[in-house]
Every structure is written in structure tokens, then in C-alpha cells.
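One structure is given here, and the rest of the page talks about it.
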Amino acid sequence: MPSAIQASPDRLTLRVGESRVVEVSVLPEEASQEYTARIQDTGIAVLGGSDPSPDPSPKPVTGITLDRTSYSGVAGSTLTLHATVSPSDADDATVSWRSDATGVASVSGNGVVALRAAGRAVITASAGGYTASCAVTVTAATVSVQSVTVASPDGVTTLDVNGTLQLSATVLPVDATDRTVTWSASPTTVATVSRSGLVTGVEAGTVTVTATAGGRTGSLTLTVRAVTVERENLLTTPPSLPLTANGVTMSANGDGSYHLKGTATAWTGFAFTAKQMSAGTYSLKSSSANLLSNTGGIGFWVRPDELDARRGNVTREYTSTWWQNAQISVNAGTSIDTDVTPRLTREDD
1 MPSAIQASPD RLTLRVGESR VVEVSVLPEE ASQEYTARIQ DTGIAVLGGS
51 DPSPDPSPKP VTGITLDRTS YSGVAGSTLT LHATVSPSDA DDATVSWRSD
101 ATGVASVSGN GVVALRAAGR AVITASAGGY TASCAVTVTA ATVSVQSVTV
151 ASPDGVTTLD VNGTLQLSAT VLPVDATDRT VTWSASPTTV ATVSRSGLVT
201 GVEAGTVTVT ATAGGRTGSL TLTVRAVTVE RENLLTTPPS LPLTANGVTM
251 SANGDGSYHL KGTATAWTGF AFTAKQMSAG TYSLKSSSAN LLSNTGGIGF
301 WVRPDELDAR RGNVTREYTS TWWQNAQISV NAGTSIDTDV TPRLTREDD
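Counting from 1, one number per residue, gives the positions in the sequence shown under UniProt numbering.
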């Protein structure tokens, strides 16, 4: 409220038609009360004040809204929400923010929402006792596969026909979004592979097995080996070994082979017993070539009447002419010091 009003000059006499400037000042300068001046009929100017303006009526908040009520986004991204408070000139339009799941989405004091992890969060804005909310759904960020590595147990890269080998695939990074592995083999005439990475040999050859995940691939080359069937040896070991005859001794090595050593003073034969056999194709083999060719004074025979107890016909398949009675022989005067592995097998079953 003003404490004084001054006019300069403070007294003035004018003639008709004459004008003068009067400067008026209100003290103190920051006073807000208005003063007016009026000229009376007598010509006297009177200055007076009016009542100050009354305090304005209070304006409370009547509502709050957000620019969106729902949102879906990927973890790692942000969202800015805008709140509108009504009326716009409310006495206190301060907006506060909160999230009901800060691990999923958090919100700053100015409405910036940080999407943190997959899930659902409700962001609420409050002002003057009113609230507005936005439901935020967060999905996990997509992590691309960087590499796929195919491996086998202990680094094995071979398997037999009809054999199996379990492979494994390592997909990196470990948090890749799509870690699903699909398997393939080429050519499938050599080997096939199951959905779980189990490889089965089909025929001898080389095969490439590939694992695919998230658009990336890894592979491993394998060798499939033909299986050699170990046929039964129809010859049985002589009952009494070591056996010495005419200066030559035959002893068993324990692995299916025999050792002959000495100088024959006369023709010497070491007989084997052949299991009872029916007619068929048989193969007679030895690890020592001179036994098969009957050169150097050493021979290996099979006598006919011992092959089939029923005296049936036998189809022979040998590298030389054979008498069908299993026997290793050493001619007189022949010196020998060698290992032999005689085998008689049936080949047509």
C-alpha cells in the first residue's frame, strides 16, 4: 500500500487556456494501490486511492491425462510420456511419476521411461490427487547368433558303416534369441543325421555334417569306414603245444598265431583239426606267403575227407591246389624260424 503521493509543483494557478505539466509520484515505488485524481468544479484537483484488488480465487487440479495409455517396446529402448494437467493454470500442476515394476520399466521425474527387461509395468502420473496410467509391455531384445561349432566326443572323426556317432553343436552367444539347431548331412548316401545330431554310417566314404542356428552354420567332416566281417576260423589248435617233431618245434603265441622254429631232419607235418563243415565255399589263408605257395620246403594243406564228415562235395576257392586236411608241413633239410597264422573260413554264408 502506498504511504504517500507527491505532485510537483504541489500548487499551481493557471489562466484560462494555459497548460502546465504536473509530475506525480507514488511512494514507495513498489506500492500496488491505485490512485486517481479528479478536478472539482472549483478547479481544485483532488488525489485519492482505491481499494487494492482482492486475492484471486483458488484453482485446483481437475484432471490429468497421458498422451498414450499403452505401449509395447523392446528392452533397451526408451519412451517419453507427456502428461496434461487440467486446468492449464491450476495452482499446483506439479506431476509426479512412478512405476509398479521398476525391473521391467523405470520412469524419471520428467516422464522418460526406460525399458529394462521382458515383462509388463504400469507407469502412473499424478497431480493434485488425480492419476493417469500407461501399461507398458516389454519384449526381450533380439540377440543374433554369431557362431555355430560342431564337435564330436574326444575329437573322433570316423565311424563304421551302420555305426553311430553323437555330435554336438555350440551356439554363441549363449543368450542368442534363436538357439534352435537343425542338422543336415551331405551326401546322405554315406551317412544320415538325426534331429539330435546322431550320425549313422551308411556306406564307406566322406560326409559333411552341418548344424544351422540363427542363420549361422558350422560343419564337421567325417569318414565312414567299411566293416570287415571277421569270419570264424574253422581250424582248432592242436591239443598238445609246444610240439616238436623231426627237429622242428611249433608253439602257440596266444593270439591265434604259431611259431615254427628248427631244421627238419625229415618231412614233418603239424596237423590241425577242422570243424565239421557242409558243402560250400571256403578260404584257406596264412600270414606266411611261402606256406600258401608250398615253396621253400614248407606247405599248408587241407585233406578232402576231413572237410565234410558226410563226404559231401565241397566247392574250393584257394590260391593254389589244396589237399583238404589242415596241416603245416616242413620238408627235410628245411630251416625255419617264423610266425604263421593259418585260417580256414567259410565265405558263402
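Backbone N, C-alpha and C define an ideal beta-carbon position, used for all residues, glycine too.
Handout entry: Coil, strand or helix - D339 by DSSP
Key = Locating residue 339 in the sequence shown gives position 339, counting from the first residue. Strand.
Practice task
Could you check what DSSP says for D89 in three-state terms: helix, strand or coil?
Solution key: Taking the sequence shown and counting its residues from 1, one reaches residue 89 at position 89. Three-state DSSP puts D89 in coil, outside helix and strand.
Handout entry: V248 - containing beta strand (DSSP E), residue span
Key = As a working note, residue 248 is residue 248 in the sequence shown. Run containing V248: V248 to A252, per the beta strand (DSSP E) assignment.
Problem - Span separating the alpha-carbon of A132 from that of R116 - result: Within the sequence shown, residue 132 is the residue found at index 132, counting from 1. Within the sequence shown, residue 116 is the residue found at index 116, counting from 1. C-alpha separation (whole angstroms): 22 angstroms.
Handout entry: Selected residue, minimal CA-CA separation from S88, among T200, A127, L220 and V122
Key = As a first step, residue 88 must be located in the sequence shown, where it is residue number 88. Out of T200, A127, L220 and V122, A127 has the C-alpha closest to the C-alpha of S88.
Handout entry: Cβ neighbours of T177 in the same chain (closer than 6 angstroms, five flanking residues each side left out)
Key = Indexing the sequence shown from 1 puts residue 177 at position 177. Same-chain partners within the cutoff: T142 and V143.
Problem - Coarse secondary structure for D100, derived from DSSP in three states - result: Indexing the sequence shown from 1 puts residue 100 at position 100. Residue state, collapsed to three classes: coil.
Problem - For D160: DSSP bridge partner residues - result: Taking the sequence shown and counting its residues from 1, one reaches residue 160 at position 160. R225, per the DSSP bridge assignment.
Handout entry: Separation of A266 from A226, as counted between CA atoms
Key = Within the sequence shown, numbered from 1, the residue matching residue 226 stands at position 226. Within the sequence shown, numbered from 1, the residue matching residue 266 stands at position 266. The straight-line gap from Cα to Cα measures roughly 46 angstroms.
Practice task
Please work out which residues of its chain come closer than 6 angstroms, Cβ to Cβ, to S72, disregarding the five sequence neighbours upstream and downstream, and give them in chain order.
Solution key: One-based indexing of the sequence shown puts residue 72 at position 72. Hits under 6 angstroms: T137.
Exercise for the section: Apply the 10 Å Cβ neighbour rule to S194 and answer buried if 16 or more other Cβ atoms are within range, or exposed otherwise. Expected result: Position 194 of the sequence shown, counted from the start, is the residue given in the question as residue 194. Per the 10 Å Cβ criterion, exposed.
Practice task
Assess, as a yes-or-no matter, whether the stretch 164 to 174 is touched by the stretch 212 to 231 under the definition of 3 or more beta carbon pairs within less than 8 angstroms.
Solution key: yes
Exercise for the section: Taking 8 angstroms as the threshold, find out whether the stretch 181 to 201 comes into contact with the stretch 147 to 164 through three or more Cβ pairs. Expected result: yes
Problem - Rounded C-alpha distance that separates N233 from G218 - result: As a position in the sequence shown, residue 233 is number 233, starting the count at 1. As a position in the sequence shown, residue 218 is number 218, starting the count at 1. Computed Cα separation, rounded: 46 angstroms.
Exercise for the section: Could you tell me whether the stretch 332 to 349 touches the stretch 256 to 264, using the rule of 3 or more Cβ pairs below 8 angstroms? Expected result: yes
Practice task
Assign T268 to one of two classes, buried (16 or more other C-beta atoms within 10 Å of its C-beta) or exposed (fewer than that).
Solution key: Position 268 of the sequence shown, counted from the first residue, corresponds to residue 268. T268 comes out buried.
Practice task
Take T210 as the anchor and find which of T223, V156, V224 and S186 has the nearest alpha-carbon.
Solution key: Reading the sequence shown from its first residue, position 210 is the one you call residue 210. If we check each option's Cα against that of T210, S186 comes out closest.
Practice task
Look up G155 in the DSSP assignment and say whether it is helix, strand or coil.
Solution key: Stepping through the sequence shown from its first residue, residue 155 is reached at position 155. Residue state, collapsed to three classes: helix.
Exercise for the section: Assuming A114 contacts S106 (C-beta within less than 8 angstroms), just tell me the rounded distance between them. Expected result: Sequence index remark: in the sequence shown, residue 114 carries index 114 (1-based). Sequence index remark: in the sequence shown, residue 106 carries index 106 (1-based). Yes, A114 and S106 are in contact; Cβ-Cβ is about 5 angstroms, under 8 angstroms.
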